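The structure appears below as structure tokens.
Chains as they are written, first to last, in my numbering: chain A, 1 to 305; chain B, 1 to 504; chain C, 1 to 310.
Structural data, given as structure tokens:
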């Protein structure tokens, strides 16, 4: 009896050993690889994975969710060991997530949202980000004035930021949204620029602040202000820590702050959690937050007049 | 009598298409409908199919006067039409094609494919036992497609009259024989068949009766057993007595165009001919004899593998239109709307497109001047007496004759050494026809070699110095001087088929 | 009356829209500086649309334009990062685009492949090359200030971008309406077989049209990068549909049913004015698309009505 149990254990061990001998296939799926943060996360995750000996493949579907679903089905059929969704609401590929669960393939999400059958969603709390941004902007404006809002409600995370703004606005009755613009993707910088040019025409000096749900339209707004109304005192703040935005902050423009989500940290945390799961464990929680970092002229070591 | 037509008349604008056509078709018989190109056969058929309303005359169906209002009505009367351009859906099988536009058998809301297949198999067993029914139409031969069309004509409301327009024109002999059998079986089922053909031998073989149209008038009708082949030719041409004054070939002109050993036709034959400067060579042949494709090869619009074409000693490369234009060539295509005019552009541009250098503001600057465009248009207008208003109007605002003159005018202003005319006066009224003939003759008198093809016998005789007759991809006769008569032309045009038939 | 509607209906519509916006917002929209600024905002779209116009003149479509815009932007920054001087980098980008245009034009004319299919394929290839060059990321940094100036600032009182539009439109108008090649292109577009039989060489002329379209798209990619200071591999994605919308609007203007440069400018202006005016009036972005689409439909329907009435 004992010997049988020993044999079984040995068999199990050798099986485990043999699976470990094959590379662990981890597939990253995202529709937004061309956006800087998504790219950063994907690349960091890939590096983290390779450190652990995983074979990491990145698949991008260029803003196309239909294709994202198809590629995910392919990945499940190819029997990958794990799937990582980046910058996507897993609900948009819900059927495929369930399909992966049925096939026993763990799915984790970075910068998405939580859902059944998704082991963990590692993200910044986008709502919190939106609140942080709004608080910082409104304080810089002295608690009153008019803002322009650039939003993109099609992205679930970016939409949460907008909700954070709405919540904060309730605390600041003297702040008014006098214009808003749904940012078109692809081409958000130029779209933001054209919109801001037109909004400046209408409201000019009445604008005291620009609330950008992500940096791209904020950059466009800065370019527009620079050419249309350089003397304006308006303050632009955004989210993402986009390099071009950081450059603008450093150059003492109207761009005063951006909130960088700690994407490498998200990737690292995500990889740690996935490692636990692949080793037979469980994720620590179904949603984990990585706090954002505020970048201002001060943190960049410049003094603006 | 299933169908009798009496004194049918139809005019299009000024042109008379039918001027007293009679035909009597009995159930269960195959009736041959004969005539030269343009004799009125297609207008007669269009009347039966409800596409054309006659101006005068009577149509009796089962002895009762009737008027065929529409295509739908013709269909209800049991008339079926099988056109030369077959209208099958390429990726549908015979069974599927036969039901296009017909009522599908249904089981509940669904199409009953088994019933479809049964219905077709039954008909096919009778008409064409060896026709594959489950192969897409695209993979069938032309002859098999014809058989599918015949089966299709018999599906649905019972067919009483089937009209077949040159069904054997592009068939091999074996396929044609298979089709003949199918046609005879059709007649045995009590269906009347109107069989249009240029193959006199097959008419003699499978038809019970014939009707010959000439210039829109019935020239003769009767039992096939009562007439012979020369008799039919005589009825069709109708001109054997008329001696025409043929235009002599310019005596001491040098050879301008020389065509040697051009592969032509389906049987691997080759043709060669020459045209002298100032000579008009007419090519005659029945529809499908390959005249237009020969013209396109000579013009370089279609390439050729073997043989040579030279113009005044210069070799013209196969498929190079530019060579012809550089050597002084000009081409007036057959299909004015689709191959000739650029209808979205102005008259002036249509006149300039082949020679844009002529409308430059300065000789070395490739800048098109509006004044130069207008000037050129005015020159052409004066030279060819084109009736037009503004040079910058669209070409379709002109009459057919004037549109045709634009195609000549396009080549105007440069010495023309070779002029290729494909049906130069199709759809043109009588007055303009004479003017266009004068233009063609003028180009010849100025030293151009003119190669012309036309279906219009009068035009051929009025213009050509010499005529080559094409049949089955070969030159069957070269006629000039006193031998250039309508009867000999028609005879040569039908000659190829008669040689294949040892009985004739 | 119907003749007038048919000939100038679209232009009249543009003027009507401008007047309507000027009444609704006399200070912001109607100010001369805003009207001048619209010419700058429409420049990139209009240049892509002018390229499309040339291709439409030969009766074809070029679906690779958007990919070439993205490609142009990415390649120019890529070359900057590799240390290539700006003028050389720009020339290299335009030359690369010309090669793509030549390939599309050759495949379409020589093998008679539907241009939809051929340019879709070429565009997909270009998209792949673009993503490969930048590894999917937005490229930023190493962009010389002098280069940025070709897409920003003003010159002689007009925005620099507007000058580009004026230059490109003038050249395209001369090519299509004034010199010999334009007659050939329109002849091919009007009736390809007739043009061929009249001695117009189809392959080189069609290739020329596609090369013009590709080069102009790449130019837009360069100008876009100069304007916003970074390059995104999908940055040109928004231009394809709007550009063809502008061309179609333009086909209803000035000349019946033919793509033409002045018409395309009117079409691009309509799209730009609607975007500008509605944003100034604070109308939602979503509504702007609905209104633009409705205007295109209306323009086509009015023209048809005019035609039937005439």
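Where is the CB? At the ideal position from N, CA and C, for every residue including glycine.
All values reported here derive from a predicted model rather than from experimental measurement.
Each residue's CA atom was taken as its position, placing residue 99 (chain C) and residue 242 (chain C) some 24 Å apart.
Closest by C-alpha distance to residue 302 (chain C), out of C:117, C:249, C:56, is C:249. Closest in alpha carbon position to residue 225 (chain B), among B:178, B:105, B:129, B:201, is B:201. One Cα belongs to residue 126 (chain B), the other to residue 185 (chain B), and the distance between them is close to 7 Å. Chain C has no Cβ within less than 8 Å of the Cβ of residue 68 (chain A). Taken in chain order, the complete alpha helix (DSSP H) segments of 4 residues or longer contained in the segment 405 to 481 of chain B are 430 to 445, 457 to 463. Residue 331 (chain B) has B:420 as its beta-bridge partners, per DSSP. Comparing C-alpha distances from residue 275 (chain C) to each of A:198, A:171, A:152 shows the shortest one belongs to A:198. Here the alpha carbon of residue 40 (chain B) sits roughly 33 Å from the alpha carbon of residue 195 (chain C). The segment 79 to 143 of chain B contains, as complete alpha helix (DSSP H) runs of 4+ residues, the segments 94 to 98, 113 to 127 (chain order). The Cβ atoms of residue 416 (chain B) and residue 298 (chain B) lie no closer than 8 Å to each other. The secondary-structure analysis by DSSP pairs residue 58 (chain B) across a beta bridge with B:6. Listed as beta-bridge partners of residue 278 (chain A) by DSSP are no residues whatsoever.
Under the three-state reduction of DSSP, residue 73 (chain B) is assigned to helix. Looking at the DSSP output, residue 303 (chain A) bridges to nothing. In the displayed model, residue 203 (chain A) falls within a helix according to three-state DSSP. Of the residues assessed, residue 12 (chain B) falls on the exposed side of the cut-off, its CB having fewer than 16 other CB atoms within 10 angstroms. Rounded to the nearest whole angstrom, the CA to CA distance from residue 201 (chain A) to residue 28 (chain C) is 5 Å. In this structure, residue 147 (chain A) lies near residue 208 (chain A), with their beta-carbon atoms less than 8 Å apart. Between residue 263 (chain A) and residue 41 (chain A), the alpha-carbon positions lie close to 5 Å from each other.
DSSP places residue 228 (chain A) inside the alpha helix (DSSP H), whose first and last residues are 215 to 228.
Below the 8 Å Cβ cutoff, chain C contributes no neighbours of residue 249 (chain A), its closest Cβ being approximately 14 Å away.
Look at residue 121 (chain A) here: in three-state DSSP terms it is strand. The bridge partners DSSP lists for residue 289 (chain A) are A:123. The Cβ-Cβ distance between residue 69 (chain C) and residue 267 (chain C) does not fall below 8 Å. Shown here, residue 360 (chain B) sits in a strand according to DSSP, grouped into three states. Excluding its 5 nearest sequence neighbours in each direction, residue 153 (chain C) has C-beta neighbours in its own chain below 6 Å: 160, listed in chain order. Closest option to residue 475 (chain B), judged by alpha-carbon separation, among B:422, B:162, B:489, B:319: B:489.
Rounded to the nearest whole angstrom, the C-alpha separation of residue 54 (chain C) and residue 260 (chain C) is 8 Å. Contacts between residue 25 (chain C) and chain A, judged by CB atoms closer than 9 Å, involve 201, 202 in chain order.
If you check the CB distance, residue 424 (chain B) and residue 449 (chain B) do not come in under 8 Å. Within chain C, no C-beta atom comes nearer than 9 Å to that of residue 101 (chain A); the closest sits roughly 28 Å away.
Rounded to the nearest angstrom, the gap between the Cα atoms of residue 142 (chain C) and residue 61 (chain A) is 28 Å. With contacts defined as CB atoms closer than 8 Å, residue 188 (chain C) and residue 73 (chain C) fail to qualify as a contacting pair.
At least 8 Å separates the beta-carbon of residue 115 (chain C) from that of residue 193 (chain C). According to DSSP, residue pairing for residue 54 (chain A) in a beta bridge involves A:24.
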